[in-house]
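The listed protein sequences derive, respectively, from chains A and B. In short: position in the first sequence from 1, add 1, done, that's this note's numbering. In short: position in the second sequence from 1, add 18, done, that's this note's numbering. Before any comments, here is the structure.
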Amino acid sequence: MTKFQKKLWIGLLIMALLTPLGIFLPEKFKSGDAWGEWGTDKLKEFLGYVPEGLEKLADFWKAPVPDYNFGGESAAFSTQVISYIISGVIGIAVAVMVIYLITKFLVKHEK
Amino acid sequence: MHIPDGYLSPQTFVPLYVASFVFWAVALKKLKKELSAKYIPYLAMAAAFSFLIMMFNVPIPGGTTGHAVGAGIIAILLGPWAAVLAISVVLIIQAVVFGDGGITAIGANCFNMAVVMPFVSYWVFKLVKGAANSGVRFYAAAFLAGYIGLSFSAILTGFEFGIQPMIASTPDGKPLYAPYPLSIAVPAMAIEHMLVFGIVEGIITASILKYFVKNESELVYATKEV
Chain A
2 MTKFQKKLWI GLLIMALLTP LGIFLPEKFK SGDAWGEWGT DKLKEFLGYV
52 PEGLEKLADF WKAPVPDYNF GGESAAFSTQ VISYIISGVI GIAVAVMVIY
102 LITKFLVKHE K
Chain B
19 MHIPDGYLSP QTFVPLYVAS FVFWAVALKK LKKELSAKYI PYLAMAAAFS
69 FLIMMFNVPI PGGTTGHAVG AGIIAILLGP WAAVLAISVV LIIQAVVFGD
119 GGITAIGANC FNMAVVMPFV SYWVFKLVKG AANSGVRFYA AAFLAGYIGL
169 SFSAILTGFE FGIQPMIAST PDGKPLYAPY PLSIAVPAMA IEHMLVFGIV
219 EGIITASILK YFVKNESELV YATKEV
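Below, the structure is given as structure tokens:
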């Protein structure tokens with residue numbers, strides 16, 4: 002690894018530690034979900050009903066760590082913060098592994 | 019901008035899966051031909067960066083949240099096809115592991131953020147910068163690449179939401195999937211991304227490019243290719 006790459010990795014790790022800003026700030030400014038990413042309960046509140054097809058597909062997949070949160074919806078804020086950082090680290094670890102796996106098949110020789 | 023399961027009808031998400039598959043196949047073929055081994059660590063870091071930057075939800079006070087994607091800077095540094103691969107990998111992990119974006123919507127989300135966005139950003143960058151490889155015009159081109167790339171991708175997402183009531187409704191006119199028409203979905207997605215999140219994406223694109231030009235300028239893909 003070159004010195005420059007090492008620096009970039011340190012930058013990325015610092016970024017991972019700072020990710021909780023991405024939940025702190027929306028909480029502080031009372032910002033809700035991203036547009037079009039509401040759960041069925043929110044839609045019911047907005048529309049008075051949940052669109053039929055949407056309701057059927059909404060629970061298509063049970064993600065192992067929904068919303069980057071290990072503690073479930075009612076988890077304490079501190080749990081959410083720690084979950085968020087761990088999720089970031091898991092996310093980059095998996096992404097890096099997948100990229101190395103794919104490129105292993107792509108690039109056969111040093112060019 | 020991560021469309022969840024249920025918001026898109028099968029008539030929309032199936033074709034978008036097909037479209038993304040085509041781009042993945044071409045991306046792998048292109049990268050097999052031209053990706054040199056020294057780019058691999060950067061490709062891995064690009065994916066890590068994109069994953070993390072999407073976790074930084076930027077709030078609109080009292081309103082919604084949104085985030086940058088990193089597609090602009092990745093396309094400029096590593097090329098648009100490398101960006102297709104890096105960001106698709108990230109979006110698939112987000113959907114499968116973290117439930118961020120639907121499984122049925124992986125094709126759509128990848129098409130919007132991992133295909134359309136890097137290419138729009140890349141073309142904007144090349145077009146605006148012209149022959150400049152430094153200076154104000156060069157970094158303005160980078161800002162606009164990120165800004166227009168994200169905004170365009172958001173409008174496309176709004177369009178996909180907005181056509182759902184036309185495609186699939188119950189006999190009494192209730193929408194079956196995403197409930198808001200084009201006249202609401204497109205402006206909602208366009209305005210928040212053009213006023214807030216696009217600016218964040220633009221600043222990130224220009225500042226990271228500046229850092230790379232200073233430290234590792236021979237790496238930058240977009241200044242090599244004629």
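Where a beta carbon is used, it is the ideal one built from N, C-alpha and C, also for glycine. None of these values were measured; they are calculated from a predicted model.
Nearest-angstrom beta carbon gap, residue j and residue i [assumed within contact, 8 Å]
i	j	result
L107 (chain A)	L46 (chain B)	7 Å
A89 (chain B)	A132 (chain B)	7 Å
Y157 (chain B)	K228 (chain B)	6 Å
A159 (chain B)	F143 (chain B)	5 Å
S68 (chain B)	I92 (chain B)	7 Å
A64 (chain A)	V115 (chain B)	6 Å
A123 (chain B)	P22 (chain B)	7 Å
G72 (chain A)	S84 (chain A)	6 Å
M207 (chain B)	G176 (chain B)	3 Å
G220 (chain B)	V204 (chain B)	About 21 Å separates the two Cβ atoms, so there is no contact after all.
For residue i, the first and last residue of its enclosing alpha helix (DSSP H)
i	result
W10 (chain A)	K4 to L19
F74 (chain B)	First-last for F74 (chain B): undefined, no H or E at that position.
D42 (chain A)	T41 to L48
G90 (chain B)	A89 to L96
M135 (chain B)	M135 to K147
T223 (chain B)	G216 to E234
F184 (chain A)	Shown here, chain A extends from 2 to 112; a query on residue 184 (chain A) therefore has no answer.
K242 (chain B)	Neither: K242 (chain B) is in no alpha helix (DSSP H) and is coded neither H nor E.
K51 (chain B)	P28 to E52
E85 (chain A)	Note that residue 85 (chain A) corresponds to Tyr in the displayed sequence, not to Glu. Taken as a continuous stretch (DSSP letters only), the alpha helix (DSSP H) holding Y85 (chain A) covers F78 to L107.
Y165 (chain B)	G153 to G180
V51 (chain A)	First-last for V51 (chain A): undefined, no H or E at that position.
M255 (chain B)	Absent from the structure is residue 255 (chain B), since the part of chain B shown begins at 19 and ends at 244.
G23 (chain A)	L22 to K29
I124 (chain B)	I124 to N127
Beta-bridge pairing of residue i - partner residues as DSSP gives them
i	result
F193 (chain B)	Rather than Phe, the amino acid found at residue 193 (chain B) in this sequence is Pro. For P193 (chain B), which the question treats as bridged, DSSP gives the partners B:S187.
T83 (chain B)	B:P77
Through-space distance from residue j to residue i, alpha-carbon basis
i	j	result
I78 (chain B)	P67 (chain A)	23 Å
V108 (chain B)	G49 (chain A)	35 Å
K112 (chain A)	T104 (chain A)	Reliability fails at K112 (chain A), whose pLDDT of 46 lies under 50, so the model's placement of it is uncertain and no value is given.
M73 (chain B)	T20 (chain A)	6 Å
K31 (chain A)	E38 (chain A)	16 Å
A224 (chain B)	P33 (chain B)	34 Å
N233 (chain B)	W42 (chain B)	31 Å
L26 (chain B)	V231 (chain B)	41 Å
S171 (chain B)	I100 (chain A)	24 Å
T3 (chain A)	L200 (chain B)	49 Å
A240 (chain B)	L96 (chain B)	8 Å
S48 (chain B)	W99 (chain B)	With the sequence shown as reference, residue 48 (chain B) is identified as Lys, and Ser is not the correct amino acid for it. For K48 (chain B) and W99 (chain B), the distance between alpha carbons rounds to 7 Å.
A94 (chain A)	A17 (chain A)	11 Å
I222 (chain B)	G167 (chain B)	13 Å
V44 (chain B)	A77 (chain A)	45 Å
P52 (chain A)	K192 (chain B)	7 Å
S15 (chain B)	S106 (chain B)	Residue 15 (chain B) lies beyond the residue range present for chain B, which begins at 19 and ends at 244; the question has no answer from this structure.
Q182 (chain B)	Y195 (chain B)	6 Å
N75 (chain B)	Y60 (chain B)	24 Å
L58 (chain A)	I58 (chain B)	37 Å
D118 (chain B)	D34 (chain A)	12 Å
G12 (chain A)	P189 (chain B)	55 Å
E56 (chain A)	K43 (chain A)	12 Å
G54 (chain A)	G24 (chain B)	7 Å
F129 (chain B)	H211 (chain B)	18 Å
I112 (chain B)	G92 (chain A)	According to the sequence displayed, residue 112 (chain B) carries Gln and not Ile. Roughly 8 Å separates the two Cα atoms.
Any non-hydrogen atom of the ligand GDP within 8 Å of residue i CB
i	result
W62 (chain A)	Ligands are entirely absent from the displayed structure, and the ligand GDP is therefore not among its contents.
Taking a Cβ distance cut-off of 8 Å, strictly less, list which residues of the segment 201-215 of chain B are near chain A, in chain order. A203, A206, M207 and E210
For the segment 79-97 of chain A, which residues have a beta carbon sitting closer than 9 Å to at least one beta carbon of chain B? Contacts with chain B (Cβ-Cβ distance below 9 Å) from the segment 79-97 of chain A involve Y85, S88, G89, I91, G92, I93, A94, V95, A96 and V97, listed in chain order.
Can you give me, in chain order, the residues of the segment 82-107 of chain B that have a beta carbon less than 8 Å from any beta carbon in chain A? T82, T83, G84, H85, L103, A104 and V107
Could you list the residues in the segment 22-41 of chain A with a C-beta less than 9 Å from some C-beta on chain B, going in chain order? L22, G23, I24, L26, P27, E28, K29, F30, K31, S32, G33, D34, A35, W36, G37, E38, W39, G40 and T41
Chain A contacts from the segment 105-127 of chain B (Cβ-Cβ distance under 8 Å): V107, V108, I111, Q112, A113, V114, V115, F116, G117, D118, G120, I121 and T122
Against chain A: residues of the segment 186-197 of chain B by CB proximity under 8 Å: A186, T188, K192, P193, L194, Y195, A196 and P197
Near-chain A residues of the segment 224-235 of chain B (beta-carbon distance less than 7 Å), N- to C-terminal order: N233 and E234
Chain-ordered residues of the segment 154-167 of chain B with a beta carbon less than 7 Å from chain A: none
Could you please tell me which residues of the segment 65-79 of chain B, in chain order, have their CB closer than 9 Å to any CB of chain A? A65, A66, F67, S68, F69, L70, I71, M72, M73, F74, N75, V76, P77, I78 and P79
Taking a Cβ distance cut-off of 7 Å, strictly less, list which residues of the segment 40-64 of chain B are near chain A, in chain order. L46, L49, K50, L53, S54, A55, I58, P59, L61, A62 and M63
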